[in-house]
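Residues in the sequence shown are numbered consecutively from 1, following this note's numbering. Backbone N, C-alpha and C define an ideal beta-carbon position, used for all residues, glycine too. All values reported here derive from a predicted model rather than from experimental measurement. Structure first, then comments.
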Amino acid sequence: MMPHLFVLASCLFVLAAPSVLGDSPVSATQNRKEDALVKSFRNSFAIGAAIPGAELNRAERRLLFANFNTVTPENCMKPVSLQPAEGRFCFTEADALVNMAHANGLTVNAHTLLWHNQCPDWFFTDGGRPAGRELVLQRMRAHIAAVGGHFAGKVQSWDVVNEAIDNKDGYLRKSKWLTSIGEDFIAEAFIVAHKADPKAELYYNDYSIERRPKRDKVLRLIHDLKQRGAPIHGIGIQGHWKLDHIPFQAIEDAILAFHAEGMNIAITELDIDVGKRKTDGADVGRLERASADLYANGLPDDVQQRLADQYAKLFALFLKHQDKITRVTFWGLHDGRSWLNGWPFKRTNHPLLWDRALQAKPALSAVLALTREQTEQKIAQ
Ligand code: GLA
Numbered sequence: 001m002m003p004h005l006f007v008l009a010s011c012l013f014v015l016a017a018p019s020v021l022g023d024s025p026v027s028a029t030q031n032r033k034e035d036a037l038v039k040s041f042r043n044s045f046a047i048g049a050a051i052p053g054a055e056l057n058r059a060e061r062r063l064l065f066a067n068f069n070t071v072t073p074e075n076c077m078k079p080v081s082l083q084p085a086e087g088r089f090c091f092t093e094a095d096a097l098v099n100m101a102h103a104n105g106l107t108v109n110a111h112t113l114l115w116h117n118q119c120p121d122w123f124f125t126d127g128g129r130p131a132g133r134e135l136v137l138q139r140m141r142a143h144i145a146a147v148g149g150h151f152a153g154k155v156q157s158w159d160v161v162n163e164a165i166d167n168k169d170g171y172l173r174k175s176k177w178l179t180s181i182g183e184d185f186i187a188e189a190f191i192v193a194h195k196a197d198p199k200a201e202l203y204y205n206d207y208s209i210e211r212r213p214k215r216d217k218v219l220r221l222i223h224d225l226k227q228r229g230a231p232i233h234g235i236g237i238q239g240h241w242k243l244d245h246i247p248f249q250a251i252e253d254a255i256l257a258f259h260a261e262g263m264n265i266a267i268t269e270l271d272i273d274v275g276k277r278k279t280d281g282a283d284v285g286r287l288e289r290a291s292a293d294l295y296a297n298g299l300p301d302d303v304q305q306r307l308a309d310q311y312a313k314l315f316a317l318f319l320k321h322q323d324k325i326t327r328v329t330f331w332g333l334h335d336g337r338s339w340l341n342g343w344p345f346k347r348t349n350h351p352l353l354w355d356r357a358l359q360a361k362p363a364l365s366a367v368l369a370l371t372r373e374q375t376e377q378k379i380a381q
């Protein structure tokens, strides 16, 4: 393969989202209901969806533009997509996403400058051997400066570092970033990101950080960064939760604890898994052996209702802390676009507010009812 073809192929490599729908008509009633989501939360926080890129079909675009005011690129801004080979940048897909968002009045929350996954190995090798600290540091800085600079002024925020906290006893995850550079790689990343785009809000983003001991490690990280003079503005709580195991109290405690450190809070990757899975959190590397596809033919009414109730409880909590929360972003636009159809094993999942036919679910009505109640209470006062 010619080198440029190779790069093109690498540029197109993404963890593909499962089903992509054909154009289907959107009914007027559906549109009226949809319009309400972004309007309902306009005075509280931004409402976002992760999308693969600009290649959405017409019905999906209408759903997106009517209901959300911000997007996050699911994969196309990760290092493997933007710089698959050293010095070869592929901005086409990400630029198209940014242009589509701006042309339709949506902001972009960019994801992610540094992660241990979807990150090419060239960052860490030197002539077939592991590269030393200075070389990896220099490559990391060059990547962040180029990418941050390219999108400067065009994105609202960056998830600067993703999932760097250890899930077990250690403080930081033993990623190649940590083992090549050392603990200061996170501070360095924030410093360079800020230089590249001084107006962007800079977030540390991770899963299960609402719970101890990860929550305490995030607090330690915030202190470390402050001590090193690194500019961090917020914490992204991913929020990949399971239907019957949403840690409401821990979520509230984490919002309060991070906010007390001066952090903005964003819920960055919200979805509620209705299926059974063993693992908590969202470690993309932890796959499970496939078991029955319980909801291949749709969600039974009782589970649908439980999903609606859990979403309503979550959004009630977010509204309670709306002064601390900048944004709530769903990880996917509708059920057919969710990564949970493929992780931790292949099955039919139903984790979002719209189903795969783009019909609004009871969970959407439950969430909308909350702000209606708030408005009615205010009027009554
Ligand atoms: C993590 C990452 C995201 C995405 C999801 C799965 O949460 O932060 O970029 O890869 O896993 O889609």
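For the ligand GLA, I want to know if residue i counts as a neighbour, meaning its beta carbon is within less than 7 Å of at least one of the ligand's heavy atoms.
i	result
Ala142	no
Glu288	no
Tyr204	no
His334	no
Trp177	no
Glu373	no
Gln238	yes
Leu241	The amino acid at residue 241 is misidentified as Leu; the sequence shows Trp. The answer is no for Trp241.
Glu269	yes
Glu93	no
Val284	yes
His233	no
Asn162	yes
Trp122	no
Tyr207	yes
Glu74	yes
Trp339	yes
His111	yes
Trp158	no
Trp331	yes
State the beta-bridge partners of residue i as determined by DSSP.
i	result
Pro73	Ile51
Ser175	According to DSSP, Ser175 bridges with nothing at all.
Glu201	Ser157
Phe151	Paired residues: none, contrary to the question.
Arg327	Ala46 and Ala266
Ala369	Answer by DSSP bridge pairing: none, since Ala369 is not bridged.
Val108	Val71
Ile235	Tyr204 and Ile265
Trp343	Bridge partners of Trp343: none, in fact.
Thr125	Pro130
Arg228	Beta-bridge pairing links Arg228 to no other residue.
His240	Asp271
Ile165	Leu172
Trp115	Answer is none; Trp115 lacks a bridge partner.
Arg88	Ala85
Ala360	Trp354
For residue i, which option in the options has the closest C-alpha, if you only look at C-alpha atoms?
i	options	result
Asn69	His245, Leu97 and Val38	Val38
Phe315	Ile272, Val98 and Lys217	Ile272
Asn167	Ala282, Leu202, Ala103 and Ala250	Ala282
Gly87	Glu60, Tyr207 and Ile144	Ile144
Ala146	Pro73, Val328 and Lys195	Lys195
His111	Val161, Ala296, Asn349 and Asn341	Val161
Met263	Ile232, Leu225 and Glu60	Ile232
Leu287	Lys276, Pro213, Arg211 and Arg141	Lys276
Asp302	Leu368, Pro84 and Ala363	Ala363
His150	Leu225, Asn117 and Phe91	Phe91
Gly239	Arg327, Glu55 and Ala292	Arg327
His384	Gly148, Lys78, Val98 and Lys378	Because residue 384 is not part of the residues shown, which for the chain are 1 to 381, the question remains open.
Phe89	Ala142, Ala59 and Val284	Ala142
Arg42	Asp253, Trp122, Gln322 and His102	Gln322
Gly53	Ile47, Pro73 and Ala36	Pro73
Glu261	Leu219, Trp158, Asn205 and Val155	Leu219
Leu64	Gln381, Asp244, Asn104 and Ala85	Asn104
Gln83	Pro120, Asp95, Ile379 and Leu368	Pro120
Ser291	Glu210, Arg347, Asp253 and Leu340	Arg347
Leu299	Ala250, Leu317 and Leu353	Leu353
Gln305	Asp244, Trp339, Leu294 and Leu358	Asp244
Q. Does the segment 206-220 touch the segment 183-197, meaning 3 or more C-beta pairs lie closer than 8 Å?
A. no
Q) For the 8 Å Cβ check, are there 3 or more pairs between the segment 322-340 and the segment 52-65? A) yes
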